[in-house]
Amino acid sequence: MTVPLSRPATTPRTGRLPLLLATMFAFNTTGYIAITAAVQILLPTQVAAADPVGKLTSFGLVTGISAIASVGVPPIVGALSDRTRGRWGRRTPWFLYGGLATAAALVLLGSLSTVTGLLIGWFLVQGAVNVGLNIVLAVVADRVPSRRLGLASTLNGLGIPVGGAIGTWAGALLVDSILLAYCLLAVVFLAGSLVMAVVARETAGTAGRTARSFKEELAAAVESLRTRDYAWAFAARAVMFLGYFMASSFSLYALTDYIQLPGGLAPATAAATLGLVTTGFLALGMIVMGPLADRLDRRKLFVLLSSLLIAVSTAMPVLSPTWSTQLVAAVLSGIGFGTYLSVDQALVTLVLPAREDSGRDLGVFHIALNAPQVVAPFIAAVVVGGLGGFPGLYVVGGLLALVGSVFIVPIRSVR
Numbered sequence: 002m003t004v005p006l007s008r009p010a011t012t013p014r015t016g017r018l019p020l021l022l023a024t025m026f027a028f029n030t031t032g033y034i035a036i037t038a039a040v041q042i043l044l045p046t047q048v049a050a051a052d053p054v055g056k057l058t059s060f061g062l063v064t065g066i067s068a069i070a071s072v073g074v075p076p077i078v079g080a081l082s083d084r085t086r087g088r089w090g091r092r093t094p095w096f097l098y099g100g101l102a103t104a105a106a107l108v109l110l111g112s113l114s115t116v117t118g119l120l121i122g123w124f125l126v127q128g129a130v131n132v133g134l135n136i137v138l139a140v141v142a143d144r145v146p147s148r149r150l151g152l153a154s155t156l157n158g159l160g161i162p163v164g165g166a167i168g169t170w171a172g173a174l175l176v177d178s179i180l181l182a183y184c185l186l187a188v189v190f191l192a193g194s195l196v197m198a199v200v201a202r203e204t205a206g207t208a209g210r211t212a213r214s215f216k217e218e219l220a221a222a223v224e225s226l227r228t229r230d231y232a233w234a235f236a237a238r239a240v241m242f243l244g245y246f247m248a249s250s251f252s253l254y255a256l257t258d259y260i261q262l263p264g265g266l267a268p269a270t271a272a273a274t275l276g277l278v279t280t281g282f283l284a285l286g287m288i289v290m291g292p293l294a295d296r297l298d299r300r301k302l303f304v305l306l307s308s309l310l311i312a313v314s315t316a317m318p319v320l321s322p323t324w325s326t327q328l329v330a331a332v333l334s335g336i337g338f339g340t341y342l343s344v345d346q347a348l349v350t351l352v353l354p355a356r357e358d359s360g361r362d363l364g365v366f367h368i369a370l371n372a373p374q375v376v377a378p379f380i381a382a383v384v385v386g387g388l389g390g391f392p393g394l395y396v397v398g399g400l401l402a403l404v405g406s407v408f409i410v411p412i413r414s415v416r
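Just so you know, we're using this note's numbering here: the sequence shown kicks off at 2 and counts up by one.
Next up, the structure:
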């Protein structure tokens, strides 16, 4: 069994750390601009044009199968980057590869018009964009000192709501010019990748370790999950996110069939309002709690409390399926989720099994976020159909989030 890597990591010069962190935020933002504009606006429009009658089923098929790429790519690319050799270092080339591949895939996706073509195109986009979005986590592990991990996680995480908001707006603005929209997204993400590669350039001595065969790499990845604290952190994230994504899978349908909305408030408008409230308090939770966890040096405590807050907010509609309860739950969920995102990544960086395998192990850990997103809608459908409808769904989701908080407790090496 391996032991967690020690800190601090190799860091940039003191004066360059703020620039590095700001560039990480900008890079993540460009990634989520591309993802959100596509999946929220552009891709559904393309699917509806390709299959007007079966658009819901077809869209679920396209996004569900393509999500496999977001699960499989991070650990593979992470492992390859750990062993990359050359004058550009381990991580820098992968920002360039990912940026070029994502730009090409986005332009290709914009030119497709059949459901099969859109599935292939979105699969390629999902795989390509997750190259850079995973490698940036390895840069945090390599370059950011432990006293700034919460701040780094906060800035990385803020790219999600900021990029999501910009992406939704940009997609809606350009929805009548699909190919142009994808070309602009490609340019934006490629520019972000190039800037990230320049700012995060590595110094001499960052060459990768000796390459291993695929079988040896797979065995090493499985072995890393035997590291006690890393395994508990992985399990905690996977179970917590499974509960969260299950409860949110059918939010529009729940607002239509279960939640008691005020007269005149359409379910779609209610969903948009809740999303805005959640995003606002998510950003607040990130901005406040990430740096506070750094200051107090208490990451485990913050992850535990935020998981409990998510569990409570998830189960609230069972006791009171009203609009006012939904608004309160959105506030609590936003604060809890924002805190979790800003601190959990810092925690896992501190319990990685081995520094030389940080890219691979962070990629494996990324599965604990992406895999629940893939399976949650299917499990949620079974729960709604067989365990008491939406109340059963919220109970199960809340219990899973609660179990996720319990799994944080056995972690020993982080307070």
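Note that the Cβ used here is the ideal one computed from N, Cα and C, for glycine as well.
- Boundaries for G264: no alpha helix (DSSP H) harbours it, and the DSSP string shows neither H nor E there.
- Residue pairing of T323 in beta bridges, as defined by DSSP: Q261.
- Collapsing the DSSP output to three states places V54 in coil.
- Restricting attention to beta strand (DSSP E) runs no shorter than 3 residues, the stretch 120–172 encloses none.
- In the structure shown, the three-state DSSP call for F235 is helix.
- A distance of 8 angstroms or more separates the beta carbons of N131 and F26.
- By the C-beta density criterion, L297 is exposed, having fewer than 16 other C-beta atoms within 10 angstroms.
- Excluding residues up to 5 positions away in sequence, P322, F391 lie with their Cβ nearer than 6 angstroms to the Cβ of Y259 in the same chain.
- Counting along the chain, the unbroken alpha helix (DSSP H) around L363 starts and ends at 359–387.
- The beta carbon of L226 sits closer than 6 angstroms to the beta carbons of A232 from its chain, once the five residues preceding and following it are set aside; these are given in chain order.
- Judged by DSSP in its simplified three-state form, F242 adopts helix.
- Rounded to the nearest whole angstrom, the CA to CA distance from D52 to V116 is 7 angstroms.
- Cα atoms of R92 and P75: separation of roughly 13 angstroms, rounded to the nearest angstrom.
- When only Cα atoms are considered, V385 and R202 end up about 49 angstroms apart.
- Its chain contains L186, F190 as the residues whose beta carbon lies nearer than 6 angstroms to that of A35, once the 5 sequence neighbours on both sides are disregarded; these appear in chain order.
- Using a C-beta cut-off of 8 angstroms, the stretch 397–408 makes contact with the stretch 240–256, since at least three inter-stretch Cβ pairs fall below that distance.
- Spatial neighbours of A139 in its own chain (CB-CB distance under 7 angstroms, excluding positions within 5 residues in sequence) are listed in chain order as G79, S82, R92, S359, G360, L363.
- According to the DSSP assignment, G193 belongs to the alpha helix (DSSP H) that extends over 179–200.
- Contact between the stretch 145–163 and the stretch 340–352 is present: 3 or more CB-CB pairs across the two stretches fall below 8 angstroms.
- Distance check between I409 and each of G65, V199, V344 places V344 closest, using alpha-carbon atoms only.
- The three-state secondary structure of S406, taken from DSSP, is helix.
- Here DSSP, grouped into helix, strand and coil, assigns A355 to coil.
- Membership of V415 in any alpha helix (DSSP H) is not indicated, and neither H nor E is assigned to it by DSSP.
- In this model, L285 and P146 are separated by some 23 angstroms (Cα to Cα).
- For L62, the closest of S406, P411, V375 by C-alpha to C-alpha distance is V375.
- L18 has its alpha-carbon roughly 20 angstroms from the corresponding atom of V289.
- Closest option to I412, judged by alpha-carbon separation, among F235, L150, A269: F235.
- DSSP places A102 in the uninterrupted alpha helix (DSSP H) bounded by 93–111.
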